[in-house]
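Each remark here refers to the structure printed beneath this line.
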Amino acid sequence: MNRSIFKTVASKTSMLLLSVFALLSTNSFAADAAAAATEEVAKGTDNTVWFYLLLAIAATLIFVIIGKTVKVLELTYELNGKQMNIKWNRINGLLMFIFMFAFLGGTLWEMKYHGAMTLPESASEHGLLTDRLFTITLIITGIVFVITHILLFVFAYKYQGSEKRKAFFYPHNDKLEVYWTIIPAIVLTVLVISGWKTWTNITQPAPKEALVIDVTGKQFGWIVRYPGNDGILGTKAFKLVNDVNETGVDFNDKNAADDLIVKEIYLPVNRPVKFNFGARDVIHSAYMPHFRAQMNCVPGMPTTFWFTPRTTTEEMRTKTGDAKFDYVLLCAKICGSAHFNMQVKIVVVDDKQYSEWLAAQKPYYTEDIAKQIQEAETEKMQKAQQTLALN
Ligand SMILES: [Cu+2]
């Protein structure tokens, strides 16, 4: 056998083995690390990282040693005027066949291991629709994946290189091309249309009875404002923003007088809630994964999203078997150094609990706050005048 071909095949084989190992070890490492992180066992995570790193280095060394040994053997044979008769095509074909099982097994294992870490059933009504679309897409693409994966590796095994066989020239087949164009086109059209219909359904205007909440992103946190007893949010204007009045609420507006600024978002179950999103500095993204809701928060451009929560926090705790479970509002845009800190707890309660919570809240605007806003406003004006003078 020509030596350069021999070398290429040998290195391809090692690469294949290496990639299988890397794939499996990376996955199990990631899964373990994620599991450990979830349980907040920082020490365990560190040890897991080192264990898999060392294992990867050891495995790489073993492959290098095997490769070098084969090369030494090959050279020794050559020196003696003989040829090493290793059937590389057969070995590669066999490895392809093994890889088929390893990869399919790995996929199933992935689904079981990582699948258990995915979000619980949607806590919002529209989320059930998007989840259903997701499942349908996953089933269709899953079937295609399994079929093509098996065909790819069975063919690689069955039609491995052989000196006894000549390749069959098969350049074109109109019928086949028509099939593999039309079938995916139909499937994709159905998926796209059902996706579009679902999206239209989700993004239609919020019902009139919806509870309206104002959510503003800032570096680094969320400012959440409720309308108070009157159910109407006071207007706001960016010119009124100062250190105390962070979102620029116009407190001269009578609707603003009873507005609440809260640290935790309470939502009554089965009642539509409409979020008005904004941002003070850079683009943030309000992400409520359990409700399958995400919307960009853009400075100067109001955005909105509404949904109906269908599961209370208590019910979700029972469902997930996690007594500490809580819904969250996160930021899904890397908006700066403390981006990870942008979290607000969301608590879904029944109507009675919601009324109790609402009654216990105090309006933000008090005499003291009015005074502080006045002072902050004066300070702002002075600063502006100074800047103007300097310019
Ligand atoms: Cu952010």
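Note that our numbering numbers the sequence shown so that position 74 is 782, with each residue one more than the last.
Beta carbons are placed, not taken as given, at the ideal position from N, Cα and C, and that holds for glycine.
If you're wondering where the values come from, they're calculated on a predicted model, not measured in any experiment.
Counting only the same chain and skipping the five closest in sequence on each side, list residues whose C-beta sits under 7 Å from that of residue i.
| i | result |
| --- | --- |
| residue 920 | 935, 941, 982, 984 |
| residue 869 | 797 |
| residue 899 | 845 |
| residue 755 | none |
Using 10 angstroms around the beta-carbon of residue i, count the other beta-carbons present and answer buried if the total reaches 16, otherwise exposed.
| i | result |
| --- | --- |
| residue 960 | exposed |
| residue 825 | exposed |
| residue 923 | buried |
| residue 788 | exposed |
| residue 993 | buried |
| residue 996 | buried |
| residue 777 | exposed |
| residue 975 | buried |
| residue 1052 | buried |
| residue 925 | buried |
| residue 837 | buried |
| residue 1089 | exposed |
| residue 820 | exposed |
| residue 873 | exposed |
Assuming the contact rule is C-beta atoms closer than 8 Å, residue i and residue j should be a hit. Round their C-beta distance to whole Å, please.
| i | j | result |
| --- | --- | --- |
| residue 931 | residue 1054 | About 15 Å separates the two Cβ atoms, so there is no contact after all. |
| residue 835 | residue 1000 | 3 Å |
| residue 1003 | residue 1011 | 5 Å |
| residue 967 | residue 1062 | Rounded, the Cβ-Cβ distance is 17 Å, inconsistent with contact. |
| residue 792 | residue 781 | 6 Å |
| residue 1084 | residue 952 | 4 Å |
| residue 817 | residue 918 | That belief does not hold up - the Cβ atoms of residue 817 and residue 918 are roughly 43 Å apart, past 8 Å. |
| residue 970 | residue 1069 | 7 Å |
| residue 841 | residue 906 | 6 Å |
Should residue i be listed as close to ligand 3, given that the test is whether its C-beta is under 7 Å from any heavy atom?
| i | result |
| --- | --- |
| residue 996 | Ligand 3 is not among the ligands present in this structure, which contains only ligand 1. |
So, for residue i: in the same chain, excluding its five sequence neighbours on each side, which residues have a beta-carbon less than 8 Å away from its beta-carbon?
| i | result |
| --- | --- |
| residue 862 | 805, 808 |
| residue 947 | 956 |
| residue 831 | 998, 999, 1017, 1018, 1019, 1024, 1035, 1056 |
| residue 1008 | 946 |
So what's residue i in DSSP terms, helix, strand or just coil?
| i | result |
| --- | --- |
| residue 991 | coil |
| residue 1035 | strand |
| residue 1068 | helix |
| residue 1013 | strand |
| residue 788 | coil |
| residue 690 | The shown model of the chain, from 709 to 1099, leaves out residue 690, and the question about it has no answer. |
| residue 1041 | coil |
| residue 976 | strand |
| residue 1089 | helix |
For residue i, I'd like the list of residues in its chain whose CB is within less than 6 Å of its CB, leaving aside the five on either flank, ordered along the chain.
| i | result |
| --- | --- |
| residue 915 | 980 |
For this session: Run through the segment 793-873 for me and flag every whole alpha helix (DSSP H) of 4 or more residues, listed as ranges in chain order.
Result: Within the segment 793-873, the runs of alpha helix (DSSP H) that reach at least 4 residues and sit entirely inside it are, in chain order, 796-821, 833-866.
For this session: Scan the segment 880-919 and note each continuous alpha helix (DSSP H) run of 4 residues or more that stays entirely inside, going in chain order.
Result: Fully enclosed alpha helix (DSSP H) runs of 4 or longer: 882-910.
For this session: Any chance you could list the alpha helix (DSSP H) runs of at least 4 consecutive residues sitting entirely within the segment 925-960, in chain order?
Result: The qualifying runs do not exist here; there are none.
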